Amino acid sequence: MHRTIASIIVFIAVCFISTTLQAGERPRALVLEHIDIWTSSARAAELLERAGFEVEPLPLDESPLAFDAELIMIGSFASEHPQYAAYMQRYAADLSKYVEKGHTLLQMTQADQVEAEPPFLPSTHAAKRGDRDFAAALV
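The following block contains the structure:
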């Protein structure tokens, strides 16, 4: 089940990337992952590579605007990463500009206790995280 959901997420990421790649070129993804205590998993880079991406770690000491990557993916519970808060404080506005330039930013689930709201959303958008658990989702 977990593998199926992860595959669907990678497929969606690939579909939403608007790019000027030439035939045979691989899209580039910068990934921030953290092995958390809940899932003990960090497979975003692996799944993106299997989907055909050239994958590199997201440099946490440089603005995302300095890179020509089609996708930045922030893995599940990356907000637990020791350098995440400092990165977001410094580059949240740049992440928003990165999206404005036509790139894709995909952030997976984060712990609401650590980050109640995504810091990179423009002032015209809002999202709040919650910790409601439920047995089934109805769509």
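Whatever position you read off the sequence shown (first residue = 1), add 4 for the numbering used here. Every residue, glycine too, gets a C-beta built ideally from N, C-alpha and C. Just so it is clear, the structure is predicted and the values come from calculations on it, not from any experiment.
- The beta carbon of Val-118 sits closer than 7 angstroms to the beta carbons of Ser-83, Glu-84 from its chain, once the five residues preceding and following it are set aside; these are given in chain order.
- About 19 angstroms separates the beta carbons of Ala-33 and Met-92, which is beyond the 8 angstroms limit, so they are not a contact pair.
- Excluding its 5 nearest sequence neighbours in each direction, Tyr-95 has C-beta neighbours in its own chain below 7 angstroms: Ser-67, Pro-68, listed in chain order.
- Rounded to whole angstroms, the gap between the alpha carbons of Lys-132 and Ala-90 is 20 angstroms.
- Boundaries around Ala-33 are those of the beta strand (DSSP E), 32-36, since no alpha helix (DSSP H) includes it.
- Spatial neighbours of Ala-120 in its own chain (CB-CB distance under 7 angstroms, excluding positions within 5 residues in sequence) are listed in chain order as Lys-132, Arg-133.
- Here Ile-76 is bridged, per DSSP, to Leu-34, Leu-109.
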